[in-house]
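**Q** The end of the sequence shown is residue 982 by the working numbering, with every number in the run present.
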Amino acid sequence: MASPPPRIREITEQDLDAVGDLLTRGFVYRSREYWMRGLLRQAKREIPPNAPRFGYLMEHDGEAVGCLLLICTRRTINGAIADRCNVSSWYVDPAYRNFGALFASMVQKRKDVTYFNVTPVQPTWPILEAQGYRRYCSGQYFALPWLSWRGATMSVARVAGGSTPIEGVNSEDTAMLRRHADYGNLSLVCRGGGRARPFIFMPLRKRRGFIPMPAMQLAYCPSIADFTACAAALGRYLLLRGKPVVILDANGPLAGIPGRYSEEQGRKYFRGPQQPQLGDLADTELAIYGL
Numbered sequence: 692m693a694s695p696p697p698r699i700r701e702i703t704e705q706d707l708d709a710v711g712d713l714l715t716r717g718f719v720y721r722s723r724e725y726w727m728r729g730l731l732r733q734a735k736r737e738i739p740p741n742a743p744r745f746g747y748l749m750e751h752d753g754e755a756v757g758c759l760l761l762i763c764t765r766r767t768i769n770g771a772i773a774d775r776c777n778v779s780s781w782y783v784d785p786a787y788r789n790f791g792a793l794f795a796s797m798v799q800k801r802k803d804v805t806y807f808n809v810t811p812v813q814p815t816w817p818i819l820e821a822q823g824y825r826r827y828c829s830g831q832y833f834a835l836p837w838l839s840w841r842g843a844t845m846s847v848a849r850v851a852g853g854s855t856p857i858e859g860v861n862s863e864d865t866a867m868l869r870r871h872a873d874y875g876n877l878s879l880v881c882r883g884g885g886r887a888r889p890f891i892f893m894p895l896r897k898r899r900g901f902i903p904m905p906a907m908q909l910a911y912c913p914s915i916a917d918f919t920a921c922a923a924a925l926g927r928y929l930l931l932r933g934k935p936v937v938i939l940d941a942n943g944p945l946a947g948i949p950g951r952y953s954e955e956q957g958r959k960y961f962r963g964p965q966q967p968q969l970g971d972l973a974d975t976e977l978a979i980y981g982l
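Written as structure tokens, this is what we have:
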């Protein structure tokens, strides 16, 4: 008698050790500590109603044989509430790979949610496009913002963890800045022209393309136009701390900021009602688990 097919269900906190083991098997260049740290961060995040906290587990005869991590978040964008889901890392044991495509397709059916993938490897690009995903980011810009003249007179202040309000920054962005400060990312507020603009940067822990360390990856800004407006102030703040290069998602060079655009990596896709904006990686695997 043939054995029943694997069962798919939501991951719970009781499954985290098993999920950590699966992902460590599947991604040999990542430590188990890396996965467990990120999973524990997911356990503490606020998530939209009825959204899975961690993602989905595939099990057979009570044994975990596959997992798919999802990072769900609710954001206010242009005054409207938007539910989004970063389709993150997934792994299925070799004996169950024939169920892998079904596994992935079952968890992306909500029409009101925008699903997006920020780390697709090149062989998966045609597959994503066949599934209805659209490209919203084609590459990355390796910027030297300290050479820009824009925003030279603005001030920059670092944000620490905690829960106190930040003058001029709304409560949602304040919570994000402080949360990422606790993760070890660099949260900043740039002030000038009567405005306070929030920014989050992630430290780059390995060489990226032709850019050697040290560099920072832009994880969040209200818009790329805000980064451009504050480029000189942000660049000089980072340069004084030994970080001359900022890497950010882009679809071409940024006017007024010296640097180099590359399409060798950085492509990103989405499917759903709202296209993610460039420069917003705060609620993704890159910022929560680390580069």
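Even for Gly, the Cβ is constructed at its ideal location relative to N, Cα and C.
Check the DSSP bridge columns for T767 and list the partner residues they point to.
**A** I772, per the DSSP bridge assignment.
**Q** For A755, I'd like the list of residues in its chain whose CB is within less than 8 Å of its CB, leaving aside the five on either flank, ordered along the chain.
**A** Excluding residues within five positions, the ones whose Cβ falls inside 8 Å are D706, A709, V710, D712, L713, L748 and M749.
**Q** Within 10 angstroms of its Cβ, does M893 collect 16 or more other Cβ (buried), or is it exposed?
**A** The residue is buried, with at least 16 neighbouring Cβ atoms inside 10 Å.
**Q** Would you give the residue range spanned by the alpha helix (DSSP H) that P817 belongs to?
**A** Per DSSP, P817 belongs to the alpha helix (DSSP H) from W816 to A821.
**Q** In its own chain, which residues sit with a C-beta less than 7 Å from the C-beta of S829, not counting the 5 before and 5 after it?
**A** N942, E954 and R958.
**Q** For the candidate residues R736, W726 and E724, whose alpha-carbon lies nearest to that of R870?
**A** Checking every option, the nearest Cα to that of R870 belongs to R736.
**Q** Alpha carbon to alpha carbon, how far is V809 from W837? Give it in angstroms, no decimals.
**A** Each residue's alpha carbon lies about 27 Å from the other.
**Q** Between G717 and Y782, is the Cβ-Cβ spacing less than 8 Å?
**A** Closer than 8 Å, so yes.
**Q** I need the boundaries of the beta strand (DSSP E) containing G746, first residue and last residue.
**A** Looking at the DSSP string, the run of the beta strand (DSSP E) that includes G746 is G746 to H751.
**Q** Can you check whether the CB of Y824 is closer than 8 Å to the CB of R962?
**A** Their beta carbons are under 8 Å apart, which means R962 touches Y824 by this criterion.
**Q** Taking all protein chains shown into account, do 16 or more other C-beta atoms lie within 10 angstroms of the C-beta of P785, making it buried, or fewer, making it exposed?
**A** It counts as exposed.
**Q** How many angstroms separate the CA atom of L972 from the CA atom of P743?
**A** Cα to Cα, the separation comes out at about 19 Å.
**Q** For Q956, tell me which candidate among L945, I938 and Q966 has the shortest Cα-Cα distance.
**A** Residue I938 is the option with its Cα nearest to Q956.
**Q** Below 8 Å on the Cβ atoms is my contact criterion, and I expect T764 with D974 to pass it. Report the Cβ-Cβ distance as a whole number of Å.
**A** The pair is a contact, with the Cβ atoms about 4 Å apart (cut-off 8 Å).
**Q** Cβ of A923 within 8 Å of Cβ of S839?
**A** Yes.
**Q** When DSSP labels each residue in this structure, what does W781 get in the three-state scheme?
**A** If DSSP states are grouped into helix, strand and coil, W781 belongs with the strands.
**Q** Would you tell me roughly how many angstroms separate the C-alpha atoms of R849 and E820, rounded to the nearest one?
**A** If you take the alpha carbons of R849 and E820, they lie about 40 Å apart.
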